[in-house]
Amino acid sequence: MIAIDQLRRDPDTVRKALDSRGEPDSVAEILELDAAWRHDRTQADEIRNQRNQVNRDIGHARSSGQPPSPEVIEEMRSLGRKVDELEASAQKAEEQIHEMLLGLPNLPLSDVPVGADTDSNRIYRTEGAPTELGFEGLPHWDLAERLGIIDFQRGAKLSGSRFYTTIGAGARLERALISWMLDLHTSQHGYTELALPAVVRRDVMEGSGNLPKFADNLYHDEEDDLWLIPTAEVPITNLYRDEIIPPGQLPLYYVAQTPCFRREKAAAGRDTRGIKRVHQFNKVEMYQFVEPDSSADQLERLLGHAEEICRQLGFSWRVLELCTGDMGFAAAKTYDIEVWAAGCQEWLEVSSCSNCTDFQARRANIRYRPEQGGRPQFPHTLNGSGLALPRVIIAILENNQQPDGSVIIPEVLRPYTGFDRIHAP
RNA sequence: GGAGAGAUGGCUGAGUGGACGAAAGCACCGGUCUCGAAAACCGGAGUACGGGCAACUGUACCGUGGGUUCGAAUCCCACUCUCUCCGCCA
């Protein structure tokens, strides 16, 4: 959520930032409501003050045995009605303002490339180069089916299209990846591991920015009004909801593996083969609560943590700096990591690392106290996949496939898989 | 699913409808004392929003939302959550 203060103080900057994201300009409308709200609020407060004073007098008089006169009571009554009116009007304005602010995306940082679509994304760096297999490689869907480690048919039988089932070495490979990633981030990068609910309440989705705007992409249980998380970012953001984090605790680093559920309505018909885009997948997510001053540097570090996974798995990858029009709703700056997949010959997005500045903290009312006795402030939050499992599996299968149809397991995973190769049938 | 109890400041915990933003204790911060510390004593500490250049000041907040009243932490209604016991269950 954007601060109303900033809108009052510097509407033009906000306007410009929103425009760079292709957002319609609602700044003037919000400011108008805000002026009306302040007017009503001030008036109501003044009348209340008056009423409180008289009421105090009534109290004093009564305790010395003097009941108030009917005239005074009647006057107080009418003041009460007036306050009610002003309050109702102020509350209405407040609700409208809140709703409009909730609908606004975060403001991009000044160094983010401006542009409307993916064409304006900037390549930040590239590590390694697209590799050739030197023989006719298979895309992962053929490869995995032939190896008997993914069953698409039966996945769909259970839950419909875009669901799948992994079997044997495939299931083991995924579990190994999860364990290895969590171990790396906790032991080398300073993260604390979390195990989280995969289903959350409505207000939690609002805190992270997924609701009300993106209900379309979420699975929802009507009966209990519970929502399936599209990423661990959602519950982690809300861990400290409505809290003031005491001095000395930031930065907080968390990592969690959760299933992620996405309806992918907007992507209907796209990437329908294989496991590149599915309704349920596992993801290891890194998350940070940090002091505002440090968030820019922390984003670089976070990105490095995700890249370390790519490095140790032997991938070639590139980092994109997303342009204003391509960033997610809550992000002020985002890097995407794409790894090369030699079978389908394309770059696959395996991680998205974002600095959300104070956007989520405001929405979820998460604050921290910089020092003993200091005023509470909004921390900055960052999140990054480290990494999303299906596409990592795609890359491993496709890049490490051998002419005989087998797949070699990256060295770092072998202690976790217990095998060094998935053999062809 | 059934029965009961509860929700008050960072924590514990008082609070006959009127002096209650709220006793007391703990924790915390500052000071006195001390070579230093502990103890003791004195003092200070909530959050949000409005107004003001500021000192400051006003309002709201006792789980949430309504209601009664001139006035609600206190009375009434609904909801949410927590805890205990019973049942069921991985």
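This note's numbering applies: residue 371 is where the first sequence begins, and numbers increase by one.
The beta carbon of each residue, even a glycine, is placed where N, CA and C say it ideally should be.
Under the DSSP assignment, M446 falls outside any beta strand (DSSP E), being part of the alpha helix (DSSP H) whose first and last residues are P440 to L472. With a contact defined as Cβ atoms closer than 8 Å, D410 and A460 qualify at about 4 Å. If you draw a 10 Å sphere on the C-beta of D706, you find 16 or more other C-beta atoms in it, and that means buried.
Between the alpha carbons of G392 and A539 lies a distance of about 46 Å. A distance below 7 Å between beta-carbons, with the five flanking residues on each side excluded, links R385 to the following residues of its chain, in chain order: D395 and V397. Taking G504 as reference, the option from R784, D774 and T787 with the minimal CA-CA separation is D774. For L388 against G713, the beta-carbon gap comes to about 41 Å, at or over 8 Å, which does not count as contact. Pairing S531 with D415, the inter-Cα distance amounts to about 58 Å. 8 Å or more divides the Cβ of A568 from the Cβ of I519. Cβ-Cβ distances below 6 Å link A463 to L403, A406 and W407 in the same chain, with the five nearest sequence neighbours on each side left out; the list follows chain order.
Going by DSSP, T628 is part of the beta strand (DSSP E) stretching over L622 to F631. Setting aside the 5 residues that flank it on each side, C630 is surrounded in the same chain by P600, T601, F651 and K653, each with a C-beta closer than 6 Å to its C-beta; the list follows chain order. As computed with DSSP, M656 is found in a beta bridge with V625 and G754. Following the DSSP letters along the chain, one finds N422 inside the alpha helix (DSSP H) bounded by residues V397 to S433.
Taking the Cα of V709 as reference, the smallest distance to any Cα among V648, L517 and G498 is reached at G498. The Cβ atoms of G577 and Q376 lie no closer than 8 Å to each other. Taking the C-beta atoms as reference points, Q668 is found no nearer than 8 Å to P617. One alpha carbon belongs to Y624, the other to N419, and they sit about 47 Å apart. Closest in C-alpha terms to M656, from the list L474, Y589, P605 and I428, comes P605. Within the model, the alpha-carbon separation for R647 versus T501 is close to 23 Å. In the DSSP assignment, the residues bridged to V777 are Q771 and I792. DSSP places D382 within a helical segment (H, G or I) once states are collapsed to three.
Using a Cβ-Cβ distance cut-off of 8 Å, the stretch 720–729 and the stretch 748–765 are in contact, since at least three pairs of beta carbons, one from each stretch, lie closer than that value.
Between V782 and Q682, the C-beta gap is smaller than 8 Å, which places the two residues in contact.
Under the 8 Å Cβ criterion, the stretch 463–479 counts as touching the stretch 681–699, having at least three qualifying pairs. Between the beta-carbon of N491 and that of E691 there is about 7 Å, and that keeps the pair under the 8 Å contact cut. Burial state of K635 is exposed, judged by a 10 Å Cβ sphere holding fewer than 16 other Cβ atoms.
Going by DSSP, D573 is part of the alpha helix (DSSP H) stretching over R572 to S578. Q436 counts as exposed, since fewer than 16 other beta carbons sit within 10 angstroms of its beta carbon.
If you draw a 10 Å sphere on the C-beta of D728, you find 16 or more other C-beta atoms in it, and that means buried. Less than 8 Å divides the Cβ of N608 from the Cβ of V574. Beta-bridge pairing by DSSP links N725 to K703 and L752.
Counting every other CB atom within 10 Å of its CB across the protein chains shown gives F789 a total below 16, marking it as exposed. Residues N587, P600 and H649 of the same chain have their beta carbon placed closer than 7 Å to that of R632, with the five preceding and five following residues left out of the count. Under DSSP, Y738 takes part in a beta bridge, and its partners are I615 and Q747. Residue burial is scored here from C-beta neighbours: P582 has fewer than 16 other C-beta atoms within 10 angstroms and is therefore classed as exposed.
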